[in-house]
Each structure stands twice: as structure tokens, then as C-alpha cells.
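Residue numbering for the sequence shown follows this note's numbering, beginning at 81 and increasing consecutively.
Quick reminder that beta carbons are idealized off the backbone N, C-alpha and C, glycines included.
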Amino acid sequence: GLPAKVELVREPNVATLRVFPGISRAVLEALLGPQVEGLVLESYGAGTMPTLDAALLEPLRAAALRTPPTIVVNCSQCHGGIVRQDAYAGGRQLTAAGVISGHEMTPEAALTKLYCLLAMGLPASEVRTRMGADLAGELDPRAAERTMEHE
Numbered sequence: 081g082l083p084a085k086v087e088l089v090r091e092p093n094v095a096t097l098r099v100f101p102g103i104s105r106a107v108l109e110a111l112l113g114p115q116v117e118g119l120v121l122e123s124y125g126a127g128t129m130p131t132l133d134a135a136l137l138e139p140l141r142a143a144a145l146r147t148p149p150t151i152v153v154n155c156s157q158c159h160g161g162i163v164r165q166d167a168y169a170g171g172r173q174l175t176a177a178g179v180i181s182g183h184e185m186t187p188e189a190a191l192t193k194l195y196c197l198l199a200m201g202l203p204a205s206e207v208r209t210r211m212g213a214d215l216a217g218e219l220d221p222r223a224a225e226r227t228m229e230h231e
């Protein structure tokens with residue numbers, strides 16, 4: 081878990097994006113500029129989004145590969161939804177693009193957690209790992225051991 085008091089050493093730029101029918105590559109490119117350090121992607125159901133157009137995934141892939149990378153966390157926009165990125169082709173494509181699963185975290189919890197981890201000045205690899213760990217009750221500690229996609 082997190083210590084009782086977390087020292088935030090900076091104010092990172094984070095954002096959320098609720099996926100919608102017709103979302104375009106231009107929207108993703110505009111939101112994933114190099115100044116954005118973290119993004120919570122609010123996807124459909126079990127963690128999918130429109131992926132028939134492979135170009136839609138390119139901004140996500142580019143953001144994950146740049147230095148420093150943008151950490152993109154996939155959360156379900158469904159109330160009580162759980163992201164299972166390995167369940168459908170669309171989710172597997174997100175994993176291949178560098179998007180990590182938020183599992184059962186609400187978008188609000190994921191955004192707060194992502195902000196705090198980035199604000200602590202942790203390296204991206206550590207942020208990615210800690211996003212998959214229960215730090216403050218945001219993930220079910222009884223869930224099977226998690227493996228973060230695309231580490």
C-alpha cells in the first residue's frame with residue numbers, strides 16, 4: 081500500500097478520455113501530446129474500443145513508446161465494469177499498443193492513483209507496476225495475482 085502520507089514532488093499532466101462511437105485518430109492525437117504524462121481511457125464493457133481502423137491505435141502506441149512515455153490506463157465506462165483486455169481482440173490490440181489494464185478500478189480511482197504515482201516522481205516502469213497493485217482499496221486484494229499487460 082501507500083504510506084499514510086504521500087509526498088508529491090510535482091504536478092503531472094493527466095487526462096481522461098471517454099471512448100465514443102466515431103472517435104477519431106485526430107482526437108487521440110490532440111489529447112496525447114508530449115506534455116500529457118498519463119491518460120485514463122474509459123473504454124467499452126470489458127475494455128474494448130473501436131479498433132477496426134488500425135490507425136486509431138497509432139497515437140496510443142506512439143505515446144507509450146516515446147521518452148518519457150505516456151502511461152495509458154484502460155478502465156471500463158460501465159458501472160461496476162471490469163477490464164479484461166485479453167477477452168476480446170479489441171482489448172488485445174490495446175495491450176499491444178502499450179495500454180495497461182485498470183482491472184476493476186473506477187475511472188476516478190484510476191485517475192487519482194495515476195496522478196499520485198506520477199506526482200511522486202516514480203519512473204514510468206514503477207508507475208505501470210503499481211497501477212496493477214492494490215494501494216488503497218481501489219483493487220480487490222482477493223483477485224487472482226495480476227500481471228500487467230505489456231510491461
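Note on Leu132: under 16 other CB atoms within 10 angstroms of its CB, so exposed under the neighbour-count rule. Burial state of Val179 is buried, judged by a 10 Å Cβ sphere holding 16 or more other Cβ atoms. The bridge partners DSSP lists for Asn154 are Leu121 and Ser181. DSSP places Thr209 inside the alpha helix (DSSP H), whose first and last residues are Ala204 to Met211. Proximity of the region 181-194 to the region 151-164 meets the contact definition, three or more beta-carbon pairs being nearer than 8 Å. Taking one beta carbon from each stretch, the region 214-223 and the region 122-132 have fewer than 3 pairs nearer than 8 Å; the two do not touch. The beta carbon of Gln115 sits closer than 8 Å to those of Asn93, all from its chain and outside the five residues before and after it, given in chain order. Contact check for Cys155 and Val120: beta-carbon distance about 6 Å, within the 8 Å limit, so the pair qualifies. In its chain, beyond the 5 residues on either side, Cys196, Ala199 and Met200 have a beta carbon closer than 8 Å to the beta carbon of Leu88. Residue environment for Pro203: exposed (fewer than 16 other C-beta atoms within 10 angstroms of its C-beta).
Separation of Pro101 and Leu137 (C-alpha to C-alpha, rounded to the nearest whole angstrom) is 15 Å.
Taking the CA atoms as reference points, Ala144 sits about 27 Å from His159.
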